[in-house]
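Start counting at 1 in the sequence shown, then tack on 5, and there's your number in the numbering used here. We treat Cβ as the ideally placed atom computed from N, Cα and C, and that holds for glycine. Please read the structure below before turning to the comments.
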Amino acid sequence: MRIFVMTLFKRLALFLVCCSLVVVTISCSDSSTGSNETSQTQLDSKKGPGQSAELFLNGDQYTSLEVEIDYMPGHKPTTDGLNSAKTFLEERLHKQTVTFSTPTEVPSAGQSSYTSSDVRNLEDQYRDQFTSTDGNTLHVYFLVLDGEYSQSNVLGIAYWNTSVAFFGKTIEDISGTPPAAPSEEKIESTVFRHEFAHNMGLVDNGSPMQTDHKTSGSAHCTTDGCLMKPSVRTTDFFSNFSGSVPPLDDLCINDLQANGGK
Ligand SMILES: [Zn+2]
Ligand SMILES: [Zn+2]
Numbered sequence: 006m007r008i009f010v011m012t013l014f015k016r017l018a019l020f021l022v023c024c025s026l027v028v029v030t031i032s033c034s035d036s037s038t039g040s041n042e043t044s045q046t047q048l049d050s051k052k053g054p055g056q057s058a059e060l061f062l063n064g065d066q067y068t069s070l071e072v073e074i075d076y077m078p079g080h081k082p083t084t085d086g087l088n089s090a091k092t093f094l095e096e097r098l099h100k101q102t103v104t105f106s107t108p109t110e111v112p113s114a115g116q117s118s119y120t121s122s123d124v125r126n127l128e129d130q131y132r133d134q135f136t137s138t139d140g141n142t143l144h145v146y147f148l149v150l151d152g153e154y155s156q157s158n159v160l161g162i163a164y165w166n167t168s169v170a171f172f173g174k175t176i177e178d179i180s181g182t183p184p185a186a187p188s189e190e191k192i193e194s195t196v197f198r199h200e201f202a203h204n205m206g207l208v209d210n211g212s213p214m215q216t217d218h219k220t221s222g223s224a225h226c227t228t229d230g231c232l233m234k235p236s237v238r239t240t241d242f243f244s245n246f247s248g249s250v251p252p253l254d255d256l257c258i259n260d261l262q263a264n265g266g267k
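So this is what it looks like as structure tokens:
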């Protein structure tokens, strides 16, 4: 009888151990399901310019593109300049929609010149929209500063894979009334397009070059008259400005098309 009770007790104990194991297993699988449901993955927005070129160019996942625009006081981009940049993106990217947000004023950082590291810190402060890896909208950040760049003849930079910045003070300084000086709209149109083209991977910096046309030492084009000539982002270009925004040449367009663009 005593042996029988002991056996019964052992069986009961074994049963309870089994039950608790099942409970532990269920609770583990529950918690892992829960964390999968809440995880939101964001596209890395701190890669180099051109490193997300194919996401700009093709329409496989990101079927729309939205540009968030911030500017410092006194340097709101012109409507014509923004419309020209929007047209350029529509012409080259396989997107159903390209949207530019209403420009938002952000406070001046109070500097007469800004380094690329200053610009990156300002983006950390003011950028609101980021790209989700499960979404279909590619978000881009666009900032106009109220000073010049640390290299004073430069009008704009592409500084991350989805970010561009422009130096409003320098644009203002070289603009005027044509024909004596190019209009602000024309300078903006040219420089906005040039920097966006770096995000598209030009030249040979994200969109592999199909024919040799890269300048030595920088991601620019050797063709005279092309939007991606190295001088186009500097004040030098506008001292001899013909009045029309330079187009991309065929070699640059070929590279974009080979990487999924139009
Ligand atoms: Zn450039
Ligand atoms: Zn070119």
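- No Cβ-Cβ contact shorter than 8 Å links S212 with D151.
- At a cut-off of 7 Å, the beta-carbon of M233 counts as near ligand 2: some heavy atom of the ligand is closer than that.
- In the DSSP annotation of this structure, A163 is not part of any alpha helix (DSSP H); the continuous beta strand (DSSP E) holding it starts and ends at G161 to W165.
- With a cut-off of 7 Å, the C-beta of L261 is classified as distant from ligand 2, since no heavy atom of the ligand falls inside that distance.
- With a cutoff of 7 Å, L253 counts as near ligand 2, since its C-beta is closer than that to a heavy atom of the ligand.
- Comparing alpha carbon positions, the residue from N264, L127, P184 and T83 closest to Q215 is N264.
- For ligand 1, residues qualifying as neighbours are H199, H203, H225 and R238, where qualification means a beta carbon closer than 6 Å to at least one of its heavy atoms (chain order).
- Non-local beta-carbon contacts of P252 in its own chain, meaning distances under 7 Å to residues more than five positions away in sequence, involve L232 in chain order.
- Judged by DSSP secondary structure, L143 falls outside any alpha helix (DSSP H) and instead within the beta strand (DSSP E) spanning T142 to L150.
- Rounded to whole angstroms, the separation of the alpha carbons of H144 and V237 is 25 Å.
- If you check the C-beta of T195 against ligand 2, you find no heavy atom less than 7 Å away.
- When DSSP reads this structure, E189 sits in no beta bridge, so it has no partner.
- For V124, no beta strand (DSSP E) encloses it; the enclosing alpha helix (DSSP H) starts and ends at S121 to Y131.
- The beta carbon of D241 is closer than 7 Å to those of N158 in its chain, skipping five residues each way along the sequence.
- When the alpha-carbon of P82 is set against those of A224, D217 and E193, the nearest one is in E193.
- If you draw a 10 Å sphere on the C-beta of A224, you find 16 or more other C-beta atoms in it, and that means buried.
- Taking the Cα positions, R198 is about 15 Å away from G248.
- A contact between stretches requires three or more CB pairs, one per stretch, nearer than 8 Å, and the segment 101-117 fails this requirement with the segment 43-57.
- Within the same chain, V72, I74 and V169 come within 6 Å of F147 by CB-CB distance, once the 5 residues on both sides are set aside.
- Not a single heavy atom of ligand 2 lies less than 7 Å from the C-beta of L48.
- When rounded, the separation of the alpha-carbon atoms in A58 and E95 is 15 Å.
- Non-local beta-carbon contacts of S69 in its own chain, meaning distances under 8 Å to residues more than five positions away in sequence, involve K100, Q101, T102, V103, T104, N141, T142 and L143 in chain order.
- F171 and V208 do not touch by the CB rule: their CB atoms are close to 20 Å apart, not below 8 Å.
- Nearest Cα to F246 within the set S188, D255, C257 and T228: S188.
- In the DSSP annotation of this structure, the continuous segment of the beta strand (DSSP E) that includes T102 starts and ends at T102 to F105.
- Selection G206, L48 and P183 evaluated against S244 yields P183 as nearest (Cα-Cα).
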